[in-house]
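Taking it in order: structure first as structure tokens, then the write-up.
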Amino acid sequence: MDRQNTDSLPISLVPDLEVVAQSDEHRRIYTRHFEVPSVPEATRVQRELVKDEVEAFKGANVPDVSTGTFPVAELNLRSHLTALSGQVMAIRVNTYESSGTGGGTRYLTQWFALGGPRVLGTRDLFDSDDDWAEFKEFVLQAATSDTLVLTGSLRELDDSLLDSVNFDAQGNALVEFDDNSLGAGTIGPVTVTVAAEQVSALLSDFGALARTASMSPSPRIQPGQSQDAVAPEAGRSRSQEPGPPSSRRGIDCRTEKCVALTFDDGPGPKTGALLDSLRRGDAPSTFFVTGPNAMLRPDMLQRMASEGHEIGNHTWNHRSLTSLSSAQIRSEIDRTNDMISRAVNQPATLMRPPFGAHNSISDRLASTPVILWDVDTLDWKHRNTEKVVDAAIKQTRPGSIVLMHDIHPSTVAAVPRILSGLKDKGYTFVTVTELVGPAGLEAGESYAHAPRPAKPDNWETGKAGR
Ligand code: NI
1 MDRQNTDSLP ISLVPDLEVV AQSDEHRRIY TRHFEVPSVP EATRVQRELV KDEVEAFKGA
61 NVPDVSTGTF PVAELNLRSH LTALSGQVMA IRVNTYESSG TGGGTRYLTQ WFALGGPRVL
121 GTRDLFDSDD DWAEFKEFVL QAATSDTLVL TGSLRELDDS LLDSVNFDAQ GNALVEFDDN
181 SLGAGTIGPV TVTVAAEQVS ALLSDFGALA RTASMSPSPR IQPGQSQDAV APEAGRSRSQ
241 EPGPPSSRRG IDCRTEKCVA LTFDDGPGPK TGALLDSLRR GDAPSTFFVT GPNAMLRPDM
301 LQRMASEGHE IGNHTWNHRS LTSLSSAQIR SEIDRTNDMI SRAVNQPATL MRPPFGAHNS
361 ISDRLASTPV ILWDVDTLDW KHRNTEKVVD AAIKQTRPGS IVLMHDIHPS TVAAVPRILS
421 GLKDKGYTFV TVTELVGPAG LEAGESYAHA PRPAKPDNWE TGKAGR
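Using this note's numbering, read the sequence shown as starting at 1 and increasing by one per residue.
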């Protein structure tokens with residue numbers, strides 16, 4: 001049984017596809033869905049799905065009113081492109097949800113008939129009711145020949161179990177079952193394959209187009225859009241301007257007021273604008289990037305490196321590492337490092353665990369220093385520029401590490417004022433490695449701020465930091 005053969009297509013095939021990442025670090029909610037302006041129906045159903053999942057999750061995981069703490073539960077939703085042509089698009093969504101003690105992934109594939117945008121489901125891939133019944137019979141046969149599947153649970157093959165069907169490059173149908181839907185907790189993800197020769201005769205006209213769009217995907221070219229307009233980010237020309245603002249080394253954060261601004265979860269559509277602000281403000285910063293976003297915007301990583309910023313690893317799937325096996329943790333970190341290396345020829349120098357969730361095992365497996373924060377702007381929560389500015393300026397102390405997210409436009413808009421506000425208070429902006437000092441950072445150790453200086457009196461009048 002093949003457990004992971006529904007491959008994702010490069011999203012660059014859809015020129016106007018936007019990846020929308022949203023996170024709520026305290027509740028461990030992380031969603032990454034697609035919006036496609038030229039296919040409004042896709043945008044609508046993707047948004048609805050995220051909204052429904054987040055609401056259901058919040059309803060089931062309410063904070064403890066007595067302590068104000070959130071349960072250790074996690075929601076991770078990710079969209080993938082699985083089929084594309086001039087007539088068809090498919091978006092597969094996997095939603096990992098854990099209650100803290102155990103978790104599982106649900107799968108859903110949304111099909112769209114382009115040209116007269118319609119949202120379709122698995123049933124629409126098949127022709128008559130007889131064809132549909134025959135397909136289900138094939139699914140049953142394939143599933144029950146797998147010794148891991150409890151046949152009893154499949155006797156009633158409800159249509160709702162078949163809400164994620166895709167095709168592989170050979171035209172076989174791949175049916176993904178939600179974790180635990182075929183047997184309680186004992187088996188992991190199950191993908192059942194129905195052979196190409198069995199499935200091909202059963203397909204509707206749309207299903208035949210869908211199969212072709214999966215086997216040999218073709219890009220979706222928007223009418224009236226030139227290739228130039230398709231380029232992901234402006235700003236490539238800027239990299240030719242004189243490079244790092246940083247013959248500035250020689251900063252000693254034991255005697256200077258230093259702060260490290262950090263940006264997680266990107267790069268995103270606004271990261272170019274953020275880099276412009278940081279360059280104007282002479283503010284080398286640290287970016288903790290996720291693997292998929294590094295893959296999507298390697299040019300942004302190149303700009304970060306050439307403009308004196310530090311790049312850290314924020315894992316691939318943004319799972320909380322404390323709920324993963326050692327092998328999974330290693331894969332989360334290594335895959336992301338591969339993508340970072342591909343962009344800037346060297347792996348990340350730091351790691352930040354998603355949600356700040358870490359333990360001695362994940363710290364050791366990071367094989368770099370593990371970077372947390374002491375100033376949380378809560379920018380992911382309020383998405384309010386004023387509040388980001390306020391938190392960053394008021395809570396920063398010498399040696400602070402400030403947590404922000406460059407995937408939120410409200411945060412990017414706040415940065416120019418944060419830079420001028422902190423500069424007015426005498427701060428120098430540094431990367432995390434500069435903040436702690438190279439001698440102070442050790443692989444496998446975690447840091448939330450630089451060691452507080454012994455005598456901060458000359459920095460803060462009145463209340464001295466501990
Ligand atoms: Ni994050």
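Every residue, glycine too, gets a C-beta built ideally from N, C-alpha and C.
Checklist entry - Is residue 467 helix, strand or coil by DSSP? => result Residue 467 cannot be examined here, being either before or after the span of the chain that is shown, 1 to 466.
Item to check | Inter-residue Cα distance where the pair is residue 411 and residue 194 | outcome: 47 Å
Checklist entry - Are residue 335 and residue 444 touching if we call contact CB-CB under 8 Å? => result no
Next on the checklist: I want to check one thing, is the minimum distance from the CB of residue 354 to the heavy atoms of the ligand NI below 7 Å?
Outcome noted: yes
Checklist entry - If you measure from the CB of residue 74, is any heavy atom of the ligand NI nearer than 7 Å? => result no
Checklist entry - Can the beta-carbon of residue 321 be found closer than 8 Å to that of residue 311? => result no
Item to check | Residues of its chain near residue 277, where Cβ-Cβ distance is below 6 Å and the 5 sequence neighbours each way are ignored | outcome: 415, 416
Checklist entry - Can you find a heavy atom of the ligand NI that lies under 7 Å from the Cβ of residue 264? => result yes
Checklist entry - In terms of residues, what are the limits of the alpha helix (DSSP H) holding residue 25? => result Note, residue 25: premise wrong, no alpha helix (DSSP H); not H, not E.
Next on the checklist: When you measure from the CB of residue 318 to every non-hydrogen atom of the ligand NI, does any distance come out below 7 Å?
Outcome noted: yes
Next on the checklist: Three Cβ pairs or more, each shorter than 8 Å: is that satisfied between the segment 351–362 and the segment 392–402?
Outcome noted: no
Item to check | Cβ neighbour criterion (16 or more within 10 Å) applied to residue 226 | outcome: Confidence at residue 226 is low in this model, with a pLDDT of 39, below 50, so the placement of that residue should be treated as unreliable; the coordinate-derived value is given next. Under this definition residue 226 is an exposed residue.
Checklist entry - Along the chain, which unbroken stretches of the beta strand (DSSP E) at least 3 residues long are found entirely within the segment 26–69? => result 29–35
Checklist entry - Unbroken alpha helix (DSSP H) runs of length 4 or more, entirely within the segment 399–450: which are they? => result 409–424, 432–436
Next on the checklist: Shorter than 7 Å, the distance from the beta carbon of residue 332 to the closest heavy atom of the ligand NI, or not?
Outcome noted: no
Next on the checklist: Helix, strand or coil, according to DSSP, for residue 251 in the structure here?
Outcome noted: coil
Item to check | Reduced DSSP secondary structure (H/G/I, E/B, other) of residue 13 | outcome: helix
Checklist entry - the ligand ADP heavy atoms versus the CB of residue 323: any closer than 7 Å? => result Inclusion of the ligand ADP in the displayed structure is not the case, the ligand content consisting of the ligand NI alone.
Checklist entry - Does the Cβ-Cβ distance between residue 30 and residue 267 come in under 8 Å? => result no
Item to check | Residue nearest to residue 372 in terms of C-alpha spacing, selected from 209, 449, 40, 325 | outcome: 449
Checklist entry - Alpha carbon to alpha carbon, how far is residue 451 from residue 367? => result 21 Å
Item to check | Classification of residue 323 by the beta-carbon crowding that lies within 10 angstroms, buried from 16 upward | outcome: buried
Next on the checklist: Is it buried or exposed, residue 178, if we count other Cβ atoms within 10 angstroms and call 16 or more buried?
Outcome noted: buried
Checklist entry - For residue 376, which of helix, strand or coil comes out of DSSP? => result strand
Next on the checklist: Taking its Cβ as the centre, do 16 or more other Cβ atoms sit within 10 Å of residue 67, making it buried, or is it exposed?
Outcome noted: exposed
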